[in-house]
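Residue numbers for the sequence shown follow my numbering, beginning at 34 and rising by one. We put the CB at the ideal spot given by N, CA and C, even for glycine. Keep in mind that this is a model prediction, so the values were computed, not measured.
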Amino acid sequence: MTSYAVNDLPAPSSVVDKGAAVPDPRTAPAIRWGILGAGGIARMFARAVQHYTLSHIAAVGSRSLENAQAFAKDFQVPHVFGSYEDLVASDEVDAIYVASPHSHHHAHALLALAAGKPVLVEKAFARNAAEALDVFATAERQGLFAMEAMWTRFLPATALVHEVINSGEIGEVVSVIADHGQRLDFDPAGRLLNPALAGGALLDLGVYPVAYAHDLLGAPVSVTAKGRLTDTGVDGQVSLVLEYASRAQATLSTTLWAKSATTAVIAGTEAWIEVPGDFYCPAAIRVHLPDGVTREIASDFPAGHAGLAFEAAEVARCLAAGVQQSARNPWRDTVEVLQTLDSARAQVGVVYPGE
Ligand SMILES: NC(=O)c1ccc[n+]([C@@H]2O[C@H](COP(=O)([O-])OP(=O)(O)OC[C@H]3O[C@@H](n4cnc5c(N)ncnc54)[C@H](OP(=O)(O)O)[C@@H]3O)[C@@H](O)[C@H]2O)c1
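See the structure below:
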């Protein structure tokens, strides 16, 4: 593992105006994607890439050739591999999308980078900040692109939130309140409940509100968390209070025992923004003004997983520009989000095997 610390990470080569309108994903250059792990999110990603970008899915790699073939049939993928090693070695792909469980992101990202391939790695980027630093140190050394697939950051609705905040209309942001709850406590051996697969609410669901608060307020100066564990020993439900160098606080919660509103509220001294559920992929936001008037601002892109096209387009643009990290979701942000999750997980008492 690297001796890199967060302050050793290079900054992105450009600065982005997060409030500027997000370009249509169909205007990004075409690249050839290789999918590592033919599971649930890989299917949604493939659908979004094929429908809303100029890129295509050139190859799929699975631990089982049969699974890769079934995926390839559904998405007309020309190159099919029965191992991840063969996938990353292929000359037919420009970038690898790592869609395995969080427990394996570190190893699978390193596998792709070692084969000279840029990587887009599903959230949570790794089990902990140390693993993420190791991947980014490797990417830097190899001169390769790497990014966490925190797709909310690239959505038009998120740009609208930044635009309203940057305009000064809501004043100083003093409170961010966000939750993410889904009823997912079904299979004790599955990736959501299994400690060996880095299960738990925080890494799967809580990463969204934590990354959202980070996008708006930066890294917290303190993290306080209380949680309850599942019978399998991972975090089933966690509530967090984050404090910042300013007077702002974020109040966040996550549970895999119940569907919750999954909304975000950004309260400023002059007005507040409501991001309706599910806040991590909305089509519109609402600005609530002190005189009781509410203004809804809609994005012209559908809500939901079609929005995965924006992160795919970001990767294509970054590769064309020859940069190693996205200015909208830089390496430092991914590591700082994981540092917050590390702290919360330590406070609720969850350690993964081998950590
Ligand atoms: N962005 C989003 O909205 C979103 C939504 C859901 C999930 N995710 C993220 O995507 C990742 C995958 O989630 P998922 O819901 O797609 O999971 P999933 O349906 O269980 O698929 C994960 C895939 O990973 C591969 N894999 C490799 N090693 C594995 C192991 N030891 N055990 C189980 N599977 C293994 C398998 O593919 P093969 O058998 O083909 O090798 C499996 O199909 C997670 O990190 C999750 O947080 C993101």
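Open item on the list: Whole angstroms are fine: how far does the CA of Val55 sit from the CA of Phe187?
Closed with: In the sequence shown, the residue the question calls residue 187 occupies position 154. In the sequence shown, the residue the question calls residue 55 occupies position 22. Separation of Phe187 and Val55 (C-alpha to C-alpha, rounded to the nearest whole angstrom) is 7 Å.
Open item on the list: Is any non-hydrogen atom of ligand 1 found closer than 8 Å to the C-beta of Trp184, if you look at the structure I gave you?
Closed with: Start at 1 with the first residue of the sequence shown, and residue 184 comes out as number 151. Result yes, Cβ under 8 Å from ligand 1.
- [ ] Taking only heavy atoms of ligand 1 into account, decide whether any of them is closer than 8 Å to the Cβ of Lys106.
- [x] Here residue 106 corresponds to residue number 73 of the sequence shown, with the count starting at 1. Distances from the CB of Lys106 to the heavy atoms of ligand 1 are all 8 Å or more.
Open item on the list: Run through the DSSP bridge pairs and tell me what Val18 is partnered with.
Closed with: Given that the chain is displayed from residue 34 to residue 388, the structure contains no residue 18 and the question cannot be resolved.
- [ ] Could you pull the start and end residues of the beta strand (DSSP E) that Gly268 belongs to?
- [x] Taking the sequence shown and counting its residues from 1, one reaches residue 268 at position 235. Reading off the sequence shown, one finds Asp at residue 268, where the question assumed Gly. First-last of the beta strand (DSSP E) with Asp268: Asp268 to Glu276.
Task: Continuous beta strand (DSSP E) assignments of at least 3 residues falling wholly in the segment 227-253 - done: Taking 3 residues as the shortest admissible run, the segment 227-253 contains no complete beta strand (DSSP E) segment at all.
Open item on the list: Could you give the first and the last residue of the continuous beta strand (DSSP E) run that contains Ala346?
Closed with: What you label residue 346 is simply residue 313 of the sequence shown in a count that begins at 1. Looking at the DSSP string, Ala346 is not in any beta strand (DSSP E); the run it does join, the alpha helix (DSSP H), is Leu341 to Ala354.
Task: Check: Asp268 C-beta below 8 Å from any heavy atom of ligand 1 - done: In the sequence shown, residue 268 corresponds to position 235, counting from 1. Incorrect: Asp268 has no Cβ contact closer than 8 Å to ligand 1.
TODO: Helix, strand or coil for Met77, going by three-state DSSP, please let me know.
DONE: On the sequence shown, position 44 is the one that residue 77 refers to. The DSSP-derived three-state label of Met77 is helix.
- [ ] With hydrogens ignored, establish whether the beta-carbon of Arg96 is closer than 8 Å to any heavy atom of ligand 1.
- [x] Counting from 1 along the sequence shown, the entry for residue 96 is found at position 63. It does: the Cβ of Arg96 is within 8 Å (strictly closer) of some heavy atom of ligand 1.
- [ ] Take the Cβ of Ala354 as the centre, count every other Cβ of all protein chains shown within 10 Å, and call the residue buried at 16 or more, exposed below.
- [x] Taking the sequence shown and counting its residues from 1, the one referred to as residue 354 is at position 321. Ala354 comes out exposed.
Task: Any non-hydrogen atom of ligand 1 closer than 8 Å to Lys156 Cβ - done: For the purposes of this step, residue 156 is taken as the residue at position 123 of the sequence shown. Yes, ligand 1 has a heavy atom inside 8 Å of this Cβ.
Open item on the list: Are the CB atoms of Arg160 and Ser136 within a distance shorter than 9 Å?
Closed with: Looking up residue 136 in the sequence shown gives position 103. Looking up residue 160 in the sequence shown gives position 127. In this structure, Ser136 places its C-beta atom within 9 Å of the C-beta atom of Arg160.
Open item on the list: Given 8 Å as the limit, tell me if Arg224 has its C-beta closer than that to any heavy atom belonging to ligand 1.
Closed with: The sequence position of residue 224 within the sequence shown is 191, counting from 1. Correct: Arg224 has its Cβ closer than 8 Å to ligand 1.
Open item on the list: Is Ser136 close to ligand 1? I mean its beta-carbon at under 8 Å from any heavy atom of the ligand.
Closed with: Position 103 of the sequence shown, counted from the start, is the residue given in the question as residue 136. True, at least one ligand heavy atom lies under 8 Å from that Cβ.
Task: Expected contact under 8 Å - CB spacing of Ala304 and Ile203 to nearest Å - done: Numbered from 1 along the sequence shown, position 271 holds the residue referred to as residue 304. Numbered from 1 along the sequence shown, position 170 holds the residue referred to as residue 203. Correct: roughly 4 Å between the Cβ atoms.
- [ ] Confirm the yes/no value for this check: CB of Asp119, any heavy atom of ligand 1, distance under 8 Å.
- [x] Counting from 1 along the sequence shown, the entry for residue 119 is found at position 86. Because no heavy atom of ligand 1 lies under 8 Å away, the Cβ of Asp119 does not count as near it: no.
Task: Closer than 8 Å: His338 CB and nearest ligand 1 heavy atom - done: By one-based count along the sequence shown, residue 338 stands at place 305. Yes, ligand 1 has a heavy atom inside 8 Å of this Cβ.
Open item on the list: Could you compute how far the alpha carbon of Arg261 sits from the alpha carbon of Val370?
Closed with: Here residue 261 is taken as the residue at index 228 of the sequence shown, counted from 1. Here residue 370 is taken as the residue at index 337 of the sequence shown, counted from 1. If I take the Cα positions, the gap works out to 21 Å.
TODO: Report, in whole angstroms, the separation of the C-beta atoms of Ile64 and Val93, which I expect to be a contact under 8 Å.
DONE: Numbered from its first residue, the sequence shown carries residue 64 at position 31. Numbered from its first residue, the sequence shown carries residue 93 at position 60. The Cβ separation is near 15 Å, so there is no contact.
- [ ] With DSSP collapsed to three states, give me the class of Tyr385.
- [x] Stepping through the sequence shown from its first residue, residue 385 is reached at position 352. Of the three classes helix, strand and coil, the one that applies to Tyr385 here is coil, per DSSP.
- [ ] Would you check whether ligand 1 has a heavy atom nearer than 8 Å to the C-beta of Met77?
- [x] Here residue 77 corresponds to residue number 44 of the sequence shown, with the count starting at 1. Met77 has its Cβ nearer than 8 Å to a heavy atom of ligand 1.
TODO: Report the option in Asn227, Asp50 and Ala157 whose CA atom is closest to the CA atom of Pro242.
DONE: Translated into the one-based positions of the sequence shown, residue 242 becomes position 209. Among Asn227, Asp50 and Ala157, the Cα nearest to that of Pro242 belongs to Ala157.
- [ ] Go to Leu193, then tell me how far its alpha helix (DSSP H) extends in each direction, as first and last residue.
- [x] To locate residue 193, count along the sequence shown from 1; it is residue 160. Leu193 -> alpha helix (DSSP H) spans Pro189 to Ser200.
Task: Exposed unless 16 or more other CB atoms sit within 10 angstroms - verdict on Ala150 - done: Walking along the sequence shown from the start, residue 150 turns up at place 117. The question names Ala, but residue 150 in the sequence shown is Lys. So Lys150 counts as buried.
Open item on the list: When you compare the CB of Ala336 with every CB in chain B, is at least one pair closer than 9 Å?
Closed with: Considering every chain present, this structure includes no chain B. It has just one protein chain.
TODO: Apply the 10 Å Cβ neighbour rule to Phe169 and answer buried if 16 or more other Cβ atoms are within range, or exposed otherwise.
DONE: Here residue 169 refers to the residue found at position 136 of the sequence shown. Result: buried.
Open item on the list: Check this for me: beta carbons of Gly70 and Ala122, under 9 Å apart or not?
Closed with: Residue numbering aside, residue 70 sits at position 37 when the sequence shown is read from its first letter. Residue numbering aside, residue 122 sits at position 89 when the sequence shown is read from its first letter. Inclusion of Gly70 and Ala122 in the CB contact set at 9 Å is not warranted, their separation being larger than that value.
Open item on the list: With the cut-off set at 9 Å, would you say Ala346 and Arg96 are in Cβ contact?
Closed with: Residue mapping note: residue 346 aligns to position 313 of the sequence shown, counting from 1. Residue mapping note: residue 96 aligns to position 63 of the sequence shown, counting from 1. In this structure, Arg96 does not lie closer than 9 Å to Ala346 by Cβ.
TODO: Have a look at Thr265, Ala331 and Thr191 and flag the residue whose alpha-carbon is nearest the alpha-carbon of Ala229.
DONE: Residue numbering aside, residue 229 sits at position 196 when the sequence shown is read from its first letter. Measuring C-alpha to C-alpha distances from Ala229 to each of Thr265, Ala331 and Thr191 identifies Thr265 as the nearest.
Task: Residue burial classification, Leu322 (beta-carbon count within 10 angstroms, cutoff 16) - done: Looking up residue 322 in the sequence shown gives position 289. It counts as exposed.
Task: Presumed contact (8 Å Cβ cut-off) between Tyr130 and Leu153, rounded CB distance - done: Within the sequence shown, numbered from 1, the residue matching residue 130 stands at position 97. Within the sequence shown, numbered from 1, the residue matching residue 153 stands at position 120. Indeed they touch by this definition, with Cβ atoms about 5 Å apart.
TODO: Would you tell me roughly how many angstroms separate the C-alpha atoms of Leu193 and Thr257, rounded to the nearest one?
DONE: As a position in the sequence shown, residue 193 is number 160, starting the count at 1. As a position in the sequence shown, residue 257 is number 224, starting the count at 1. Straight through space, the alpha carbons of Thr257 and Leu193 are spaced by roughly 30 Å.
Open item on the list: In the DSSP output, what is Ala257 paired with across the bridge?
Closed with: Along the sequence shown, read from residue 1 onward, the residue named residue 257 stands at position 224. It should be noted that the sequence gives Thr, not Ala, for residue 257. Here Thr257 is bridged, per DSSP, to Val274.
Task: Asn199 vs Gly52 beta-carbon contact at 9 Å - done: Numbered from 1 along the sequence shown, position 166 holds the residue referred to as residue 199. Numbered from 1 along the sequence shown, position 19 holds the residue referred to as residue 52. In this structure, Asn199 lies near Gly52, with their beta-carbon atoms less than 9 Å apart.
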